[in-house]
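Below is one structure, written out as structure tokens; comments come after it.
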Amino acid sequence: MNSQRKSLLGVPVDLWPPDEVISRIEESIHSPVPQTLFAVNPEKIMLSRKDQDLSLALKQADFLIPDGIGVIIGLKLIYGKRMARAGRIAGVALMTSLLDSANRMKKKIFVFGASPEVNESVARIIPRQYPDLVLAGHRHGFMAEYPDEDLVQEINSLSVDILFVGLGSPKQEKWIQKNRNRLKVRICMGVGGSFDVLAGKISRAPRWMQKAGLEWLYRLVREPGRIRRQLALPRFAWALIKEKMAKKHF
0 MNSQRKSLLG VPVDLWPPDE VISRIEESIH SPVPQTLFAV NPEKIMLSRK DQDLSLALKQ
60 ADFLIPDGIG VIIGLKLIYG KRMARAGRIA GVALMTSLLD SANRMKKKIF VFGASPEVNE
120 SVARIIPRQY PDLVLAGHRH GFMAEYPDED LVQEINSLSV DILFVGLGSP KQEKWIQKNR
180 NRLKVRICMG VGGSFDVLAG KISRAPRWMQ KAGLEWLYRL VREPGRIRRQ LALPRFAWAL
240 IKEKMAKKHF
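Using numbering that gives the first Met the number 0, count along the sequence shown one by one with no gaps and you end on 249.
Below, the structure written as structure tokens:
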């Protein structure tokens, strides 16, 4: 894959234009080993700096797609205007695009994660919206009810092509990294809270806010409890400034 991958504060980021991302991922559907796919945002980057397991999962991932305006701004700050071809794709938009691909290609998927209620809702919605794919199975994210080994065996027995894992970060990245060598799926994507959006529990920002890179602000207004997560943004900005200054003095 020629993605012109760049490192941002130690985390690799793929720089395909948005219209190329899905076609690149579709090409990997025939890979003999699972291809891992994660969205990258400032919060995840900062968390990986103190979480070695998350850092390893990101560094060994096959696809790392910019999710959030902060990552794009960071790339342009560190590497300059030549990063103009890089584009962000919200994690939920990436998931629905991959569902579109699975529907068109008549692939088998498995949905793992979210609360029991949300998981059941998603399992009802997907077959209605994507009638040509096969929902091979689904499990909610309350993992204490079934060990990893049993879940991996179930997924493998169903000949799943695409596994969507929605456990939140960093839990989903760590779970995928831990089990990727035992899974027989083709693509394994960490989807964060995208199941909640698909189920209608959480709404996306108006399109103009999405295009302006302000979806984080919309979510913060709707969910004030996210303020603790947003505290990563000033730390991310300061880390970028320090790295930029270090490059100038090198």
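A virtual CB, placed ideally from N, CA and C, is assigned to each residue, including glycine.
Since the model is a prediction, treat every value here as computed from it, not as a measurement.
Closest by C-alpha distance to residue i, when choosing among the options
i: residue 238; options: 3, 34, 73; result: 73
i: residue 154; options: 107, 29, 132; result: 107
i: residue 156; options: 147, 183, 170; result: 183
i: residue 147; options: 164, 198, 160, 17; result: 164
i: residue 18; options: 88, 150, 200; result: 88
Burial state of residue i, where buried means 16 or more other Cβ atoms lie within 10 Å
i: residue 195; result: buried
i: residue 176; result: buried
i: residue 174; result: buried
i: residue 112; result: buried
i: residue 3; result: exposed
i: residue 16; result: exposed
Span separating the alpha-carbon of residue i from that of residue j
i: residue 189; j: residue 20; result: 16 Å
i: residue 43; j: residue 210; result: 21 Å
i: residue 187; j: residue 37; result: 9 Å
i: residue 76; j: residue 46; result: 20 Å
i: residue 242; j: residue 62; result: 24 Å
i: residue 26; j: residue 185; result: 11 Å
i: residue 162; j: residue 151; result: 11 Å
DSSP state of residue i mapped onto helix, strand, coil
i: residue 128; result: helix
i: residue 146; result: coil
i: residue 201; result: coil
i: residue 6; result: strand
i: residue 1; result: In this prediction, residue 1 has a pLDDT of 47, which is less than 50 and means its spatial position is unreliable; nothing more can be read from the coordinates.
i: residue 175; result: helix
i: residue 159; result: coil
i: residue 34; result: strand
Supposed contact pair residue j and residue i - C-beta distance, whole angstroms, cut 8 Å
i: residue 125; j: residue 98; result: 7 Å
i: residue 12; j: residue 91; result: With 8 Å as the limit, residue 12 and residue 91 do not qualify as a contact, their Cβ atoms being about 19 Å apart.
i: residue 191; j: residue 167; result: 6 Å
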